[in-house]
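Protein chains in written order, with the working numbering: chain A, 487 to 969; chain B, 487 to 969.
Where is the CB? At the ideal position from N, CA and C, for every residue including glycine.
Number of protein chains: 2
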Amino acid sequence: MTRYQQLADILSQRIKAGLYAAGERLPSVRLLSSEHGVSISTVQQAYRQLEECLLIEARAKSGYFVRCSSNLPSLPATCTHAQRPVEISQWENTLAFLQKSGQEDVIHLGVGSPDLSGPGLKILSRLLSRVSLHQSEEVLEYDNIYGSPVLREQIARLMLDSGNHQSAENIIITSGCHGALAIALGAVCQSGDIVAVDSPSFHGAMQTLKGMGMKVIEIPTDPVVGISLEALEMALDQWPIKAVQLTPTCNNPLGYNMPDERKKALLTLAQRYDIAIIEDDVYGALAYQYPRPPTIASFDDDGRVLLCSSFSKTVAPGLRIGWISPGRYLDKALHMKYISAGRVASLPQLAMAEFIKQGHYMQHLRRMRRQYQRNRDIMTGWVMKYFPPNTCLSRPQGSFMLWVELPHGFDSLRLNRCLLPLGVQVAAGFISSASGKYRNCLRLSYSKPMTAEIERAVQKVGKAIYELLAEDEPKVAEKQNQS
Amino acid sequence: MTRYQQLADILSQRIKAGLYAAGERLPSVRLLSSEHGVSISTVQQAYRQLEECLLIEARAKSGYFVRCSSNLPSLPATCTHAQRPVEISQWENTLAFLQKSGQEDVIHLGVGSPDLSGPGLKILSRLLSRVSLHQSEEVLEYDNIYGSPVLREQIARLMLDSGNHQSAENIIITSGCHGALAIALGAVCQSGDIVAVDSPSFHGAMQTLKGMGMKVIEIPTDPVVGISLEALEMALDQWPIKAVQLTPTCNNPLGYNMPDERKKALLTLAQRYDIAIIEDDVYGALAYQYPRPPTIASFDDDGRVLLCSSFSKTVAPGLRIGWISPGRYLDKALHMKYISAGRVASLPQLAMAEFIKQGHYMQHLRRMRRQYQRNRDIMTGWVMKYFPPNTCLSRPQGSFMLWVELPHGFDSLRLNRCLLPLGVQVAAGFISSASGKYRNCLRLSYSKPMTAEIERAVQKVGKAIYELLAEDEPKVAEKQNQS
């Protein structure tokens with residue numbers, strides 16, 4: 487970390503701790519410079535960063551002041567859904583998103599891929615190379631059907647951080663968290679079954695539900711505390727729901743952490759109605775708070791939670807290493823793994839086990855968490871600067887996704903069509919819903935270093951939104967006149 | 487290749503070409519030694535190898551003679567199955583097989599893993615290492631949803647050898663052939679559907695059918711020409727069959743190549759009844775004949791064949807690289823891939839593309855084909871030497887699997903229980919059937935170098951078979967007395 491970043495961190499902590507109150511004037515540049523033994527320009531850089539993060543504001547000729555938090559944009563609304571199971575659509579739109587996200591000539595602001603430029607990944611590449619040469623027999627031969635024993639051992643240790651006491655025997659390595667979710671659904675449900683989900687929800691899990699011929703019932707989800715337990719209970723009373731599938735920690739796309747008490751209450755509800763919980767914890771280790779929040783699985787005492795995770799968001803998605811800790815469904819989950827993919831490639835597993843064992847994983851994680859938290863504030867600032875003032879925004883407590891809600895009637899698919907010639911794309915909100923809701927929403931990722939190029943892309947998105955809203959205004963007015 | 491192996495190959499070719507007739511005396515050791523300019527002991531070694539391969543026999547004080555092919559053991563019988571769809575059982579036994587096959591203290595003669603000790607794999611390990619370091623960005627990032635474009639390009643070229651003219655766009659990379667089969671089944675069928683299969687059949691595909699809630703109808707299959715088209719037609723008349731799934735080239739476990747004309751006739755039948763064909767070609771490139779037999783897919787003109795294959799048997803299973811060329815089911819297959827595993831690990835794909843591009847793949851394949859063909863003859867010789875004389879044996883035309891049929895009533899599961907304390911296992915035949923048929927059969931693999939250790943293991947299996955049969959004899963006699 488550079489000097490100015492260190493200073494910015496110190497100041498930001500003081501502001502968050504309330505040492506400087508909202509509206510209060512901050513120490514002068516000169517004073518801070520002598521107090522911390524750094525140059526004037528270092529202090530100026532630190533203040534500039536805090537400005538970008540919306541923590542402070544500069545007032546002409548008066549200095550820097552702590553921003554009032556009421557300046558932050560409103561939160562997105564909790565959707566009130568029709569409470570009935572639906573078939574899942576949106577494959578074509580999801581596919582278009584997946585295909586665009588790999589294009590080299592497009593800055594895709596919606597892709598859920600982590601930053602891969604950090605020093606930790608150089609170490610990982612060297613480990614992959616070393617394992618290729620020195621463990622070639624293990625690399626080439628069929629993997630253990632459960633996955634590499636050394637890696638499962640390491641994952642069992644990591645899981646202690648989220649309150650899970652699982653032995654390596656209860657962990658199965660999968661092809662990413664996506665593979666884990668498919669295994670979990672296949673282990674618990676059959677074609678035609680109904681699954682309750684948080685909403686908005688991860689588009690990949692949604693498509694897996696579709697592919698397996700299941701129906702979903704979308705439960706209203708609060709952008710701060712998560713899935714509505716009251717609405718879920720009503721749905722459980724009314725429909726033969728087999729499982730609830732959700733991302734309660736560092737939710738994708740809303741970014742909230744469901745409070746521990748609500749996690750426990752959800753488990754109690756699942757026990758009462760005897761349903762399984764499929765818990766997606768793929769972003770859980772990227773929570774900004776320390777220690778990270780516990781999983782629902784950590785409270786589970788009768789094996790009904792199937793915990794799914796991976797290293798795709800914390801380390802690198804190209805490795806395709808995920809895992810499932812399937813509780814009482816271990817045998818069924820193993821069968822589902824065997825029939826869907828056979829085994830998982832050995833080389834990335836062996837290299838990853840070394841990466842964790844040698845301590846690089848935890849170091850990398852700490853660095854990434856700090857980077858993503860800083861990036862969240864910067865991205866929030868850019869959205870506030872370039873998007874219309876009535877834009878609603880999530881306040882992520884972890885991971886690297888921002889959920890943006892625009893006025894009702896706005897069409898994010900049309901936005902993407904306008905952005906394509908400009909070489910920019912966002913994730914249209916409606917792939918996050920079984921039935922194509924959230925058309926007026928979009929997802930932005932802030933994992934990559936927040937360069938001027940990304941700022942320009944966000945600016946382009948903002949400009950296109952203004953233009954689309956202006957186009958719509960006369961129509962809306964016309965409609966009002968007609969009625 | 488050593489000198490004696492070269493000489494053995496020359497002689498073997500002459501015998502197969504009919505230059506030396508069955509029963510004819512071969513040139514003396516002294517004559518061959520001067521003719522080929524090699525030592526006496528080299529000729530003796532060459533003759534010994536031909537003896538092991540059952541091509542020649544030594545007669546005391548008379549020299550070496552070409553064996554009569556009628557000396558070869560009888561072929562296994564074609565099973566006559568009850569022609570009705572059944573639910574699939576055998577998961578517990580398949581799991582036991584999979585778990586035992588990885589144990590280090592067991593010589594598992596039944597495992598379908600290729601030889602990994604050849605020089606080609608050293609080159610592959612170096613390529614894996616190089617790609618890890620020099621293409622780290624591609625290795626770590628999300629792969630293209632279809633799979634690596636460079637690898638798909640190379641696979642499209644390889645597929646020309648089996649008569650398939652497919653562009654790279656019609657190929658999807660999967661997690662091994664197992665992943666490809668799961669995708670094919672998911673793309674074509676739904677839970678509850680009926681699928682016709684060859685019998686005996688690949689246990690993994692069988693378990694995938696089970697996991698997806700499908701029923702199978704096992705079609706009688708000849709050990710030389712493959713699935714009975716007459717029986718299949720009868721089944722198609724009687725039941726609403728959605729697809730036929732089979733391994734027509736280098737069949738696992740029977741080793742036959744279905745003749746081209748029968749492949750074409752099967753396709754015509756599929757067209758008439760409008761069903762899909764799921765063609766498992768995972769061993770196809772290991773056919774001993776040159777050029778390799780064409781696939782059914784190569785005759786397909788309306789996109790109803792889903793061709794599944796991988797590098798697990800030709801190169802190394804730990805890479806987990808397979809592919810599917812799904813014909814008209816491309817979109818559905820892509821959805822099935824996305825929902826079951828997300829993507830496939832990038833590193834093995836990129837290294838494999840280089841391996842093919844640099845010519846190492848074809849070289850490796852040629853070497854392996856020769857090795858497996860030699861090993862087949864050696865393993866056949868050992869089985870004839872150590873197993874009871876009424877043992878029936880397949881005559882594989884490719885790959886590295888031998889199917890052994892013992893007298894009716896023999897129990898290969900009991901055999902494995904006897905062999906476990908001796909540190910030896912075979913693949914019990916009944917995991918190759920949906921309903922646990924082939925209890926009296928077993929599968930032996932001859933991929934690994936045919937060392938004295940392997941010979942001893944085969945000898946132990948033979949001894950245990952003799953003992954079990956002897957135990958059963960009084961019981962059989964008793965039963966006959968009672969009746």
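Residue-level contact check: A:Ala773 does not touch chain B, since none of the beta carbons of chain B fall below 7 Å from its beta carbon. Going by beta carbons, A:Ala914 and A:Leu899 fall inside the 7 Å limit. With 16 or more neighbouring CB atoms inside 10 Å of its own CB, B:Tyr858 falls in the buried class. Fully enclosed alpha helix (DSSP H) runs of no fewer than 4 residues occupy 898-905 of the region 888-933 of chain A, in order along the chain. By the Cβ test, the region 705-714 of chain A is not in contact with the region 644-655 of chain A, since fewer than three Cβ pairs between them sit closer than 8 Å. Contact check between the region 618-635 of chain B and the region 764-776 of chain B: fewer than three CB pairs, one atom from each, fall below 8 Å, which does not count as touching. Sixteen is the threshold: when 16 or more other Cβ atoms of the shown chains lie within 10 Å of the Cβ of A:Ser714, as they do, the residue is buried. Taking C-alpha positions only, A:Gly808 is separated from A:His664 by approximately 8 Å. As the crow flies, the alpha-carbon of A:Tyr628 is around 21 Å from that of B:Lys823. Among the residues of chain A, none has a CB under 9 Å from the CB of B:Asn579; the nearest is roughly 13 Å distant. Contact annotation: in the region 626-649 of chain A, residues whose CB is within less than 8 Å of a CB in chain B are Leu626, Glu627, Tyr628, Asp629, Asn630, Ile631.
Non-local beta-carbon contacts of A:Leu517 in its own chain, meaning distances under 8 Å to residues more than five positions away in sequence, are absent.
Contact between the region 600-617 of chain A and the region 717-734 of chain A is absent, with fewer than three C-beta pairs closer than 8 Å. Counting only unbroken stretches of 3 or more residues, the beta strand (DSSP E) elements lying wholly within the region 585-670 of chain B are 658-660, in sequence order.
Listed along chain B, the residues sitting closer than 9 Å to A:Leu619 by beta-carbon distance are Ser611, Arg612, Leu614, Ser615. Proximity of chain B to A:Gln844 at the Cβ level (cut-off 9 Å) is not reached, the minimal Cβ distance being about 16 Å. Using a Cβ-Cβ cut-off of 7 Å, A:Pro834 counts as an interface residue toward chain B, since at least one Cβ of chain B sits closer than that to its own. A residue is called buried when at least 16 other Cβ atoms come within 10 angstroms of its Cβ; A:Arg860 meets this threshold and is buried. Distance check between A:Gly828 and each of B:Lys701, B:Thr660, B:Leu512 places B:Thr660 closest, using alpha-carbon atoms only. At least one C-beta of chain A is nearer than 7 Å to the C-beta of B:Gln693.
For B:Ala802, the chain A residues whose C-beta falls within less than 7 Å of its own C-beta are Leu626, listed in chain order. Note that the C-beta distance between A:Met744 and A:Pro734 is below 7 Å.
When secondary structure is reduced to three states using DSSP, B:Val791 falls in the strand class. Leaving aside the five residues that flank B:Pro874 on each side, the residues in its chain whose CB is nearer than 7 Å to its CB run, in chain order, Ile951, Tyr952, Leu955. A:Ala494 sits close to A:Leu536, with the two beta carbons spaced by under 7 Å. Residue-level contact check: B:Ala668 touches chain A, since one or more beta carbons of chain A fall below 7 Å from its beta carbon. Close to chain B, meaning a Cβ-Cβ distance shorter than 8 Å, are the following residues of the region 683-715 of chain A: Gly690, Gln693, Thr694, Lys696, Gly697, Met698, Gly699. For B:Tyr533, the three-state secondary structure derived from DSSP is helix. Taken in chain order, the members of the region 807-832 of chain A whose beta-carbon sits within less than 7 Å of a beta-carbon on chain B are His821, Met822, Tyr824, Ile825, Ser826, Ala827, Gly828, Arg829, Val830, Ala831, Ser832.
For B:Ile574, the secondary structure class from DSSP, reduced to helix, strand or coil, is coil.
Residue environment for A:Pro605: exposed (fewer than 16 other C-beta atoms within 10 angstroms of its C-beta). Rounded to the nearest whole angstrom, the CA to CA distance from B:Gln569 to B:Ala831 is 42 Å. For B:Gly665, the nearest beta carbon of chain A is closer than 7 Å to its own beta carbon. Excluding sequence positions up to five before and after A:Thr528, its CB lies within less than 6 Å of the CB of Arg489, Tyr490, all in the same chain and listed in chain order. Sequence-ordered contacts of the region 590-605 of chain B with chain A read Ser599, Leu602 [C-beta pairs closer than 7 Å]. For B:Leu584, the residues of chain A that pass the 8 Å Cβ criterion are Ile631, Tyr824, in the order they occur in the chain.
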